[in-house]
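A quick write-up on the structure given underneath.
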Amino acid sequence: MGDKIRTLSQAVAEFIPDGAHIALGGFTMQRHPMALVRELVRQRRRGLVVYGHSPGIDLDLLIGAGAVRRIEIAYVGDEMFVSPGRNFRRALEEGTIEFEDYSNFGATLRLVAGAMGLPFIPTRTMLGSDMVERWAFSAAERSADAKAAKQKLAWMDCPFTGERVVLLPAANPDVAVIHAQMVGEQGTVRLLGQTFADEFMAAAARRVIVTAEQVVAEDFIRRNPEQNCIPFFRVDAIVPVPFGAHPTACHGAYDYDPQHYALYAEAARQGGEAFAAYLDEWVFGPEDPWSYLERIGGTQKLCELKADPALGYSPEVHRR
Amino acid sequence: MTTYTTAELMVTRAAKEIGDGEVVFVGTGLPMIAAMLAKRTHAPHSVIVFEAGTVDSALLHLPASVGDSRCVYGASTCGGLFDVFALLLQRGFIDVGFLGGAQVDRYGNLNSTVIGDYLQPQVRLPGSGGAGDIACLSKRTVVIMRHERRRFVERVDYRTSPGWVDGPGGRERAGLGRGGPAAVITNMAVLQFDEVSRQMVLASHHPGVSLEDIRANTGFPLETAGATETEPPLAAEIQLLHEAIDPEGLFLRG
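Listed below in structure tokens is the structure:
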């Protein structure tokens with residue numbers, strides 16, 4: 000095995016200090032690096048700044064555990080399961096975290112600019128929206144944070160055509176964490192299904208952690224390089240963690256877990272002691288990733304969630 | 000006589016907004032069901048696009064999110080947000096986009112961000128997601144939402160998704176080169192926009208809903224002259240919804 004292999008505990012300790020600016024892969028209820036998110040909570044990280052487009056339970060869990068200082072995102076929710084995340088909602092209603100709203104395209108373009116090594120990127124989106132007019136994260140707070148963009152956005156008339164465009168500042172997180180179905184032992188990443196903005200998150204970030212269902216021989220993953228999306232040398236740490244996206248789905252491997260979502264949603268709705276009890280049971284309680292999988296229902300549950308290879312998901316999952 | 004729920008009436012009516020061969024940008028829930036119904040009825044050549052990265056999915060099973068693996072099956076292409084937002088939506092290839100919101104005003108501006116003050120909210124909502132992008136960059140949009148006085152307001156608390164902005168010429172002044180809302184489909188009525196004033200007008204009321212009910216649930220003046228009754232769903236449409244599109248009752252639960 001390569002020298003990039005880490006445990007969850009090692010990867011978090013080595014690459015994600017308090018106050019880090021991070022991006023987490025996935026979208027709503029698909030392929031979030033949940034095992035690493037739980038490890039961030041176990042190591043009691045504080046002051047994280049999180050960039051994203053449409054996160055879900057990953058960000059909501061971090062906010063509920065008190066790990067987050069600021070979010071720069073477009074949407075928080077898991078659509079039919081948890082919309083919006085109640086910890087997210089409570090934090091913004093009570094003013095306990097800083098935030099800035101972009102659209103999904105805008106949030107993605109900030110990562111695209113960061114990925115291309117550009118300081119900003121023009122777009123036609125968000126014109127006429129309060130996302131252009133209303134800024135949440137104040138100029139004073141921005142100037143106090145060396146890693147923050149100096150302002151939320153700007154706009155100008157195109158020097159060539161005169162058309163109005165919005166200018167979005169690049170996002171370059173310190174660390175991107177991507178959950179992949181497969182990674183080569185030197186770090187080459189293969190994502191199955193929708194890629195969301197994961198490849199841009201990885202390209203924009205200074206460091207990249209990949210948690211993976213399977214770590215395979217590098218020469219195996221290189222037999223079909225056109226299917227790979229992150230080159231090996233951009234990956235700093237590889238964490239093998241089967242079912243590491245649970246309770247979110249991992250295309251081609253397993254589906255989302257509606258029963259776990261339901262109990263999360265109830266704990267997050269109640270907050271306080273109920274959410275603390277959730278963390279005790281599901282984050283602090285399990286001694287390792289294997290005992291977490293036992294707790295969610297063990298072999299029978301995992302087989303229920305296991306994807307039908309003809310579909311990429313499990314038609315057996317009970318969604319009501 | 001066909002029996003149907005209000006939600007079923009809404010999706011069958013919404014499906015009619017999709018023309019055959021059009022490229023349709025839809026989100027989770029009723030818009031997804033409307034687009035799936037259109038594809039199985041009058042618009043078999045329409046193309047369904049999901050913001051998380053898939054184009055023309057086969058949709059054997061109803062997705063619970065646009066990021067669901069169920070969006071991938073049978074798709075023409077499968078990529079990410081950039082592929083759909085930049086290369087299709089911003090490039091100008093989306094004919095109709097579907098939107099929802101917690102509040103709408105007479106010009107079809109939508110709020111899905113916050114109720115109350117932006118910085119000190121009474122209720123914080125999920126945020127734009129792709130809605131603001133769809134509103135800005137589609138050739139036209141269709142809104143599906145509940146018809147209540149607290150939702151049909153004089154002024155939205157936050158303009159997440161621009162409609163006709165502040166009336167005639169509003170989109171042009173904002174720098175938007177195309178688009179704008181074409182219809183609002185609610186649990187009570189179908190509303191359209193006057194081509195001159197850009198204000199919402201009543202196009203049809205659903206069977207059993209009176210003009211008084213609609214006015215009482217609309218927080219701004221509404222022109223109702225010329226309104227007809229909404230066509231009820233056909234039995235074959237209801238059968239498709241129950242048996243093929245949402246047999247689990249995920250979004251059309253009784």
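In order, the protein sequences belong to chains A and B. Be aware that the first sequence starts at 0, since it is given in numbering that gives the first Met the number 0, and climbs by one per residue. Be aware that the second sequence starts at 0, since it is given in numbering that gives the first Met the number 0, and climbs by one per residue. Virtual Cβ for every residue (Gly too), placed ideally from N, Cα, C. Computed from a predicted model, the values in this text were never measured in an experiment.
Return the CA-CA distance between residue i and residue j, expressed in angstroms with no decimal places.
| i | j | result |
| --- | --- | --- |
| B:Ala-274 | B:Ala-182 | The question about residue 274 of chain B has no answer here: the residues shown for chain B are numbered 0 through 253. |
| A:Lys-3 | A:Phe-232 | 10 Å |
| B:Phe-151 | B:Asn-110 | 11 Å |
| A:Pro-288 | A:Ile-295 | 11 Å |
| A:Gly-59 | A:Leu-91 | What sits at residue 59 of chain A in the sequence shown is Asp, not Gly. Each residue's Cα considered, the two are about 12 Å apart. |
| B:Leu-88 | B:Glu-7 | 28 Å |
| A:Ala-138 | A:Arg-45 | 22 Å |
| A:Gln-299 | A:Glu-293 | 10 Å |
| A:Ala-73 | B:Gly-126 | 6 Å |
| A:Tyr-260 | A:Met-155 | 44 Å |
| A:Leu-262 | B:Pro-62 | 21 Å |
| A:Ser-8 | A:Leu-39 | 9 Å |
| A:Arg-318 | B:Cys-70 | 16 Å |
| B:His-241 | A:Gln-213 | 39 Å |
| A:Ile-62 | A:Val-164 | 33 Å |
| B:Thr-2 | B:Met-9 | 14 Å |
| A:Pro-97 | A:Asp-307 | One detail in the question is off: residue 97 of chain A reads as Glu in this sequence, not Pro. Whole-angstrom Cα-Cα distance: 41 Å. |
| A:Gly-105 | A:His-52 | 8 Å |
| A:Cys-302 | A:Ala-216 | 26 Å |
| B:Gly-79 | B:Glu-211 | 46 Å |
| A:Gln-226 | A:Val-240 | 21 Å |
| A:Glu-184 | A:Asp-218 | 9 Å |
| B:Arg-117 | B:Arg-105 | Residue 117 of chain B is actually Tyr in this sequence, not Arg. Straight-line Cα distance between these residues: approximately 21 Å. |
| B:Asn-186 | B:Ala-226 | 16 Å |
Strictly below 7 Å CB to CB, what residues from chain A border residue i?
| i | result |
| --- | --- |
| B:Pro-120 | Leu-91, Glu-92 |
| B:Thr-112 | Asp-100 |
Taking the continuous beta strand (DSSP E) assigned at residue i, which residues delimit it?
| i | result |
| --- | --- |
| B:Gln-121 | 120-123 |
| B:Thr-140 | 139-143 |
| B:Gly-115 | 113-115 |
| A:Val-209 | 206-215 |
| B:Ala-181 | 180-184 |
| B:Ala-188 | 188-192 |
| A:Ile-70 | 67-72 |
Which chain A residues are close to residue i, counting only those with a beta carbon under 8 Å from its beta carbon?
| i | result |
| --- | --- |
| B:Asp-132 | Ser-102, Asn-103, Phe-104, Gly-105, Thr-124, Met-125 |
| B:Tyr-3 | Ordered by position in chain A, no residue passes the 8 Å Cβ test against B:Tyr-3, which lies about 20 Å from the chain. |
Along chain B, in chain order, which residues have C-beta atoms closer than 8 Å to that of residue i?
| i | result |
| --- | --- |
| A:His-250 | Ser-68, Val-71 |
| A:Gln-213 | In chain order: nothing, as chain B lies at least about 17 Å away. |
| A:Glu-162 | Gly-174, Gly-176 |
| A:Asp-254 | Ser-68 |
| A:Phe-195 | Ala-51, Gly-52, Gly-66, Gly-79, Leu-80 |
| A:Asp-129 | Thr-112, Tyr-117, Tyr-157, Arg-158, Thr-159 |
The alpha helix (DSSP H) with residue i in it runs from where to where?
| i | result |
| --- | --- |
| A:Pro-257 | 257-269 |
| A:Ser-290 | 288-294 |
| A:Asp-254 | It is not in any alpha helix (DSSP H) - A:Asp-254 carries neither H nor E in the DSSP assignment. |
| B:Pro-30 | 29-39 |
| A:Asp-100 | Looking at the DSSP string, A:Asp-100 is not in any alpha helix (DSSP H); the run it does join, the beta strand (DSSP E), is 97-100. |
| B:Asp-212 | 210-215 |
| A:Gly-166 | Inspection of the sequence shows that residue 166 of chain A is occupied by Leu rather than by Gly. Per DSSP, A:Leu-166 belongs to no alpha helix (DSSP H); it is in the beta strand (DSSP E), 163-168. |
| B:Met-9 | 5-14 |
What residues of chain B sit near residue i, judged by a beta carbon separation below 7 Å?
| i | result |
| --- | --- |
| A:Pro-314 | His-60 |
| A:Arg-88 | Arg-123 |
| A:His-52 | Leu-80 |
| A:Phe-26 | Ala-51, Gly-66 |
| A:Ala-153 | Residues of chain B passing the Cβ test: none, with the nearest at roughly 13 Å. |
From the DSSP secondary-structure annotation, give me the bridge partner or partners of residue i.
| i | result |
| --- | --- |
| A:Ala-175 | A:Ala-22, A:Val-207 |
| B:His-204 | B:Ala-188, B:Glu-228 |
| B:Ile-47 | B:Val-23 |
| B:Thr-76 | B:Val-54 |
| A:Asn-103 | Paired residue(s): none; A:Asn-103 is not in a bridge. |
Given that residue i touches chain A, what residues does it touch there, using C-beta distances under 9 Å?
| i | result |
| --- | --- |
| B:Gly-129 | His-52, Ser-53, Ala-73, Tyr-74, Ser-102, Asn-103, Phe-104 |
| B:Leu-136 | Phe-104, Arg-123, Thr-124 |
Could you name the residues of chain B that residue i contacts, counting a contact when the two beta carbons are closer than 9 Å?
| i | result |
| --- | --- |
| A:Val-209 | Under the 9 Å cutoff, chain B gives no residues; its nearest Cβ is about 17 Å from A:Val-209. |
| A:Phe-274 | Simply none; closest approach about 17 Å. |
| A:Leu-29 | The sequence shown places Gln at residue 29 of chain A, not Leu. Near A:Gln-29 (Cβ distances below 9 Å), the residues of chain B are Ala-51, Ser-64, Gly-66, Asp-67, Ser-68. |
### Query
Looking at chain A, which residues of the stretch 158-175 of chain B have a Cβ within less than 8 Å of any of its Cβ atoms?
The stretch 158-175 of chain B vs chain A, Cβ under 8 Å: Arg-158, Thr-159, Ser-160, Pro-161, Val-164, Gly-169, Arg-170, Ala-173, Gly-174, Leu-175.
### Query
Of all the residues that make up the stretch 178-189 of chain A, which are near chain B by a beta-carbon distance shorter than 8 Å?
Per Cβ criterion, the list is empty.
### Task
Anything in the stretch 70-84 of chain B with a Cβ closer than 8 Å to a Cβ of chain A? List those residues in chain order, please.
Hits within the stretch, in order: Cys-70, Val-71, Tyr-72, Cys-77, Gly-78, Gly-79, Leu-80, Phe-81, Phe-84.
### Residues of the stretch 43-60 of chain B with Cβ closer than 9 Å to any Cβ of chain A, in chain order
Answer set for the stretch 43-60 of chain B: Phe-49, Glu-50, Ala-51, Gly-52, Thr-53, Leu-59, His-60.
### Task
Could you list the residues in the stretch 58-79 of chain A with a C-beta less than 8 Å from some C-beta on chain B, going in chain order?
Close to chain B, meaning a Cβ-Cβ distance shorter than 8 Å, are the following residues of the stretch 58-79 of chain A: Ile-72, Ala-73, Tyr-74, Val-75, Gly-76, Asp-77, Glu-78, Met-79.
### Query
Can you list, in chain order, the residues of the stretch 224-237 of chain B whose Cβ is nearer than 9 Å to any Cβ on chain A?
Listed in sequence order: no entries.
### Task
Scan the stretch 12-40 of chain B for residues whose Cβ lies nearer than 9 Å to a Cβ of chain A and list them as they occur along the chain.
The residues in question are Gly-26, Thr-27, Gly-28.
#### Entry: the stretch 238-250 of chain B: positions lying closer than 9 Å to chain A by Cβ
If the cut-off is 9 Å between Cβ atoms, the stretch 238-250 of chain B has Glu-247, Gly-248, Leu-249, Phe-250 near chain A.
### Query
Between the stretch 192-218 of chain B and chain A, which residues of the former have CB atoms less than 9 Å from a CB of the latter, in chain order?
Flagged: no residues at all.
### Query
Going along the chain, which residues of the stretch 96-107 of chain B sit with their C-beta nearer than 9 Å to a C-beta in chain A?
Result list empty, no residue passes.
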